[in-house]
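Below is one structure, written out as structure tokens; comments come after it.
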Amino acid sequence: MTANREAFMARVRTALSAPTSHGRGAIAYAELAPLAVAKRSDAPLELLAENAAALNIQLQLAADPAAAAALIRRIAVETEAEWAQQKALVRWDDALLNELDLETALADTGLPLYRAPLAAPVDTVARDRFHRQLRSAVIGITSADYCVADTATLVLRNRPGQPGAVSLVPSVHVAVVRESQVLVDFVSLYAELAQERRRDREALTGRMTFISGPSKTGDIELVIVHGAHGPRALHLIVLRDPSA
Amino acid sequence: MSAIRTEAYCQAAREGMADPVLQKALSGFQHRVAPATAQRYRRHPEGPQVRQMAHAIRMHAVEHLDTLLPRLADGILARGGQVYFAADAQAAVAYGLAVARRRGVRQVVKGKSMVTEEIGLNEAFQDAGIAVVETDLGEYILQLAGETPSHIIAPAIHKTRKEVGRLFAEKLGIPYSEDPPTLTQAARAALRTQFLSADMGVSGCNLACAETGHITTVSNEGNIRMSTTLPKVHIAFMGMERVVARLADHALLFRLLSNAAAAQKMAGYISYIGGPRADFQADGPEEFHLVIVDNGRSRILADPEFREILCCIRCAACLNVCPVYGKIGGHAYGYAYSGPVGAVVTALLVGLDRAKHLFFGETLCGACKEACPVEIDLPRLLLALRHRWAEGRADDLFRGGGDRLEALVMRLWGELARRPNLYQGARHLAVAGQQMLPAEEGRITRLPPPLHGWTQARDLPRLARRRFVQRWAAEQARGEGGR
Numbered sequence: 001m002t003a004n005r006e007a008f009m010a011r012v013r014t015a016l017s018a019p020t021s022h023g024r025g026a027i028a029y030a031e032l033a034p035l036a037v038a039k040r041s042d043a044p045l046e047l048l049a050e051n052a053a054a055l056n057i058q059l060q061l062a063a064d065p066a067a068a069a070a071l072i073r074r075i076a077v078e079t080e081a082e083w084a085q086q087k088a089l090v091r092w093d094d095a096l097l098n099e100l101d102l103e104t105a106l107a108d109t110g111l112p113l114y115r116a117p118l119a120a121p122v123d124t125v126a127r128d129r130f131h132r133q134l135r136s137a138v139i140g141i142t143s144a145d146y147c148v149a150d151t152a153t154l155v156l157r158n159r160p161g162q163p164g165a166v167s168l169v170p171s172v173h174v175a176v177v178r179e180s181q182v183l184v185d186f187v188s189l190y191a192e193l194a195q196e197r198r199r200d201r202e203a204l205t206g207r208m209t210f211i212s213g214p215s216k217t218g219d220i221e222l223v224i225v226h227g228a229h230g231p232r233a234l235h236l237i238v239l240r241d242p243s244a
Numbered sequence: 245m246s247a248i249r250t251e252a253y254c255q256a257a258r259e260g261m262a263d264p265v266l267q268k269a270l271s272g273f274q275h276r277v278a279p280a281t282a283q284r285y286r287r288h289p290e291g292p293q294v295r296q297m298a299h300a301i302r303m304h305a306v307e308h309l310d311t312l313l314p315r316l317a318d319g320i321l322a323r324g325g326q327v328y329f330a331a332d333a334q335a336a337v338a339y340g341l342a343v344a345r346r347r348g349v350r351q352v353v354k355g356k357s358m359v360t361e362e363i364g365l366n367e368a369f370q371d372a373g374i375a376v377v378e379t380d381l382g383e384y385i386l387q388l389a390g391e392t393p394s395h396i397i398a399p400a401i402h403k404t405r406k407e408v409g410r411l412f413a414e415k416l417g418i419p420y421s422e423d424p425p426t427l428t429q430a431a432r433a434a435l436r437t438q439f440l441s442a443d444m445g446v447s448g449c450n451l452a453c454a455e456t457g458h459i460t461t462v463s464n465e466g467n468i469r470m471s472t473t474l475p476k477v478h479i480a481f482m483g484m485e486r487v488v489a490r491l492a493d494h495a496l497l498f499r500l501l502s503n504a505a506a507a508q509k510m511a512g513y514i515s516y517i518g519g520p521r522a523d524f525q526a527d528g529p530e531e532f533h534l535v536i537v538d539n540g541r542s543r544i545l546a547d548p549e550f551r552e553i554l555c556c557i558r559c560a561a562c563l564n565v566c567p568v569y570g571k572i573g574g575h576a577y578g579y580a581y582s583g584p585v586g587a588v589v590t591a592l593l594v595g596l597d598r599a600k601h602l603f604f605g606e607t608l609c610g611a612c613k614e615a616c617p618v619e620i621d622l623p624r625l626l627l628a629l630r631h632r633w634a635e636g637r638a639d640d641l642f643r644g645g646g647d648r649l650e651a652l653v654m655r656l657w658g659e660l661a662r663r664p665n666l667y668q669g670a671r672h673l674a675v676a677g678q679q680m681l682p683a684e685e686g687r688i689t690r691l692p693p694p695l696h697g698w699t700q701a702r703d704l705p706r707l708a709r710r711r712f713v714q715r716w717a718a719e720q721a722r723g724e725g726g727r
């Protein structure tokens with residue numbers, strides 16, 4: 001395997017030994033950093049609302065955790081089952097979602113609410129159980145690390161208790177973010193990620209996912225249809241900062 | 245798809261032009277997507293130089309592959325992933341098959357990937373008795389129909405909803421419908437079973453990041469996330485040029501890629517994948533393999549004139565504006581890559597002589613360069629290919645055979661041009677001779693063989709009775725007389 005990599009890279013090095021002036025653009029790579037322009041916004045939530053609407057994301061604001069839990073309860077009651085008769089929910093096991101106390105909020109509905117395994121390492125028994133729950137769930141609930149207003153993008157990373165599949169396999173995805181996690185645009189997002197990487201080189205983790213809207217396709221005569229393979233709907237709940 | 249049908253370009257192009265369904269689909273698609281993409285380009289805060297900035301990022305990456313690829317590979321190895329450097333299509337396919345056999349794989353789910361079309365992965369897997377299911381809805385439709393993609397991003401644009409309805413009724417056993425949501429739901433249900441039971445997922449890679457050691461995949465449907473999350477093994481294939489140096493480079497390129505590919509502000513899903521699942525993870529594959537494919541790319545890299553084409557990010561924006569692609573469709577290009585980029589890349593991968601029709605067929609109108617999110621000078625590359633082919637020999641993939649007749653005509657012309665008397669004699673002969681050729685409104689409509697090809701689709705202006713120098717002198721004399 002190593003020999004093969006060496007031979008491959010030797011070919012690349014030889015190929016690059018010939019300099020070329022063809023394809024030189026007007027700007028050099030070294031000059032790029034100062035040219036990157038971050039958008040500014042006095043009202044990122046309004047920007048987010050506008051872009052979320054364009055992507056068919058159901059955006060709702062919640063004044064406090066209890067209000068957010070009530071919104072999720074309502075979504076759970078209103079959403080129709082797709083793959084299993086019994087409607088079930090699966091959620092991340094993380095600080096923000098724990099704060100919502102969804103177990104109490106959903107208690108009277110009788111709907112099962114599963115939690116992704118938190119204890120590491122995840123053994124085979126826990127993994128198999130999680131996969132069964134995941135397949136049967138109609139709603140997957142996650143938080144997110146960031147939400148980018150300009151593109152209505154959620155940024156999720158895999159950590160203990162936070163498997164990305166919760167945002168993918170169930171029919172409907174509900175994401176909860178704090179207002180303070182809303183960034184204006186992609187340039188700011190990558191600046192934050194770079195900052196994080198300076199503190200921890202593995203800050204991105206092995207799996208990071210950007211989600212902008214529910215699953216969609218236009219492959220049949222360009223007609224946009226939601227719910228191609230992933231969630232057919234995406235609900236985004238922004239928890240207002242206490243000061244607001 | 246690894247079958248090369250570039251020699252059949254002229255025949256396939258005629259068939260495409262004669263297909264009314266294709267004509268309607270192509271024109272509808274181009275009219276919808278191309279202007280919307282152009283509008284998106286104008287809305288970036290970086291201003292009109294945004295595509296030049298993207299060009300700088302890509303060219304820098306291509307010229308630093310010697311450091312970026314090892315960095316990418318080491319990042320993935322450090323997380324427990326495996327990296328294989330494949331010199332050619334055979335090596336890449338063999339590696340994939342070896343992994344599949346070792347893991348006893350029976351069924352594979354696949355996200356859309358151009359490089360796997362290029363190396364012919366599906367055929368090899370199927371020959372080995374392993375079922376491969378394409379999961380992108382467009383690709384899935386084509387696989388059921390036994391056809392190949394005709395567009396990089398919208399592979400099934402040549403299929404109408406009625407055709408898809410009949411196909412699904414036959415193959416999926418659902419009642420006939422021509423309602424896209426109903427048809428999509430049928431595919432969603434059929435493919436979900438596949439995602440949940442497949443042993444292996446195969447994906448491509450949009451733009452890896454060397455600094456952090458991740459590949460990235462981009463989709464709107466979520467099929468690639470499914471294919472790379474649920475099965476126990478994930479193999480990603482990437483052309484060796486599909487990498488950038490720094491994480492921040494993605495901030496610009498993902499915006500432009502989304503604009504260019506589907507006139508979106510941002511694609512639905514972008515995933516960074518840097519290895520197999522960690523032991524704290526409840527999901528994700530046990531094994532992750534990255535296959536970095538050369539397959540002729542180092543030869544392109546070594547050629548100063550053509551290196552620039554390796555900046556391409558396979559967004560298909562050039563297809564969406566190309567007047568030639570818009571008439572003949574993607575199948576005419578006879579290989580995985582179609583449109584202006586296909587005319588360049590295919591020729592460089594399969595050889596100039598086999599693919600000469602592709603680069604001679606484009607118009608050099610320049611629309612592709614304006615539409616390219618990384619501002620690749622496609623017209624320059626097309627011209628360079630024509631030049632290389634005309635001048636070249638047939639003994640090297642990058643050289644062509646040239647056209648003997650054309651070479652002869654050019655040599656005769658050279659001789660004539662150096663001898664004014666002979667030239668004038670030949671001109672007088674031609675002026676007299678052209679009277680015998682069929683003409684309409686003063687233009688020749690049909691040249692005799694072997695030059696008849698030139699007048700097949702256009703008329704030739706007649707040679708003027710009086711030469712320009714004579715007319716000029718006469719005009720001057722008249723002008724002075726009038727003063």
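Just so you know, the sequences run in chain order F and Y.
First residue of the first sequence? That's 1 in the working numbering, and the numbers climb one at a time after it.
First residue of the second sequence? That's 245 in the working numbering, and the numbers climb one at a time after it.
C-beta: ideal position from N, C-alpha, C; glycine also.
These figures come from a predicted structure and were not determined experimentally.
query: Roughly how many angstroms lie between the CA atoms of Lys571(Y) and Ile401(Y), to the nearest whole one?; result: 13 Å
query: Taking the C-alpha atoms as reference points, what is the distance between Cys612(Y) and Tyr569(Y)?; result: 11 Å
query: Chain F partners of Pro425(Y), CB-CB under 7 Å?; result: Val225
query: Using the Cβ count rule (16 or more neighbours within 10 Å means buried), how would you classify Asp128(F)?; result: exposed
query: Could you please give the first and the last residue of the uninterrupted alpha helix (DSSP H) stretch that includes Gly260(Y)?; result: Tyr253 to Met261
query: Between the C-alpha atoms of Gly605(Y) and Arg624(Y), what's the straight-line distance to the nearest angstrom?; result: 14 Å
query: Have a look at Ala137(F), Leu183(F), Val138(F) and Arg5(F) and flag the residue whose alpha-carbon is nearest the alpha-carbon of Val155(F).; result: Leu183(F)
query: Taking buried to mean at least 16 other C-beta atoms within 10 Å of its own C-beta, is Leu695(Y) buried or exposed?; result: exposed
query: At 7 Å on the CB atoms, spell out the chain F contacts of Ser542(Y), in chain order.; result: Arg11, Val12 and Ala15
query: Kindly provide the ranges of any alpha helix (DSSP H) runs that are 4 or more residues long and lie completely inside the region 347-422 of chain Y, ordered along the chain.; result: 358-363, 365-371, 381-389 and 405-415
query: Leaving aside the five residues before and after Ala119(F) along the sequence, list all residues of the same chain whose C-beta is less than 8 Å from its C-beta, in chain order.; result: Ala126 and Pro160
query: I need the straight-line Cα distance from Thr473(Y) to His226(F), nearest angstrom please.; result: 21 Å
query: Under 8 Å Cβ to Cβ from Arg178(F), same chain only, skipping five residues before and after it: list those, please.; result: Leu96, Val238, Leu239 and Asp241
query: Can you tell me whether Tyr420(Y) is buried or exposed, with buried defined as 16 or more other CB within 10 angstroms of its CB?; result: exposed
query: Counting only beta-carbon separations shorter than 8 Å, does Ile141(F) have a partner in chain Y?; result: no
query: Check Glu202(F) in the structure and name its three-state DSSP category.; result: coil
query: Measure the alpha-carbon distance for Lys354(Y) versus Thr153(F) and round it to whole angstroms.; result: 25 Å
query: Whole angstroms is fine: what's the gap from Leu563(Y)'s alpha carbon to Ser582(Y)'s?; result: 7 Å
query: Measure the C-alpha to C-alpha separation of Met680(Y) and Met482(Y) and round it to an integer number of angstroms.; result: 59 Å
query: Tell whether a beta-carbon distance below 8 Å holds between Leu313(Y) and Met444(Y).; result: no
query: What residues from the region 276-294 of chain Y come within 7 Å of chain F, judged by C-beta to C-beta, listed N to C?; result: Arg276, Pro289, Glu290 and Gln293
query: Pick out the complete alpha helix (DSSP H) segments inside the region 652-697 of chain Y, 4 residues or longer, and give them in chain order.; result: 664-677
query: Rank Gln195(F), Arg91(F) and Ala36(F) by C-alpha distance to the C-alpha of Asp493(Y) and give the top, closest one.; result: Ala36(F)
query: DSSP on Cys453(Y), reduced to helix/strand/coil?; result: strand
query: Once the 5 residues before and after Ala317(Y) are set aside, which same chain residues still bring their CB inside 6 Å of it?; result: Val327
query: For Leu234(F), name the three-state secondary structure that DSSP assigns.; result: strand
query: Between the C-alpha atoms of Glu614(Y) and Ile301(Y), what's the straight-line distance to the nearest angstrom?; result: 18 Å
query: Can you list the alpha helix (DSSP H) stretches of 4 or more residues lying completely in the region 423-483 of chain Y, in chain order?; result: 424-441 and 467-473
query: For Ser441(Y), tell me which candidate among Gly206(F), His131(F), Thr14(F) and Val223(F) has the shortest Cα-Cα distance.; result: His131(F)
query: Can you check whether the CB of Ile220(F) is closer than 8 Å to the CB of Leu491(Y)?; result: no
query: Chain Y beta carbons: is any one of them nearer than 8 Å to that of Glu221(F)?; result: yes
query: From Glu50(F) to Gly213(F), what does the alpha carbon distance come to, in whole angstroms?; result: 13 Å
query: Check whether the Cβ atoms of Gly448(Y) and Ser515(Y) sit closer than 8 Å, and answer yes or no.; result: no
query: Where DSSP assigns a beta bridge to Met208(F), which residues make up the other side?; result: Arg157(F) and Tyr516(Y)
query: Counting only the same chain and skipping the five closest in sequence on each side, list residues whose C-beta sits under 6 Å from that of Met245(Y).; result: A caution first: Met245(Y) carries a pLDDT of 47, below 50, which makes its placement in the model unreliable, though a value can still be read off. Glu361, Thr392 and Ala580.
query: Count the other CB atoms within 10 Å of the CB of Glu31(F); is the residue buried (16 or more) or exposed (fewer)?; result: exposed
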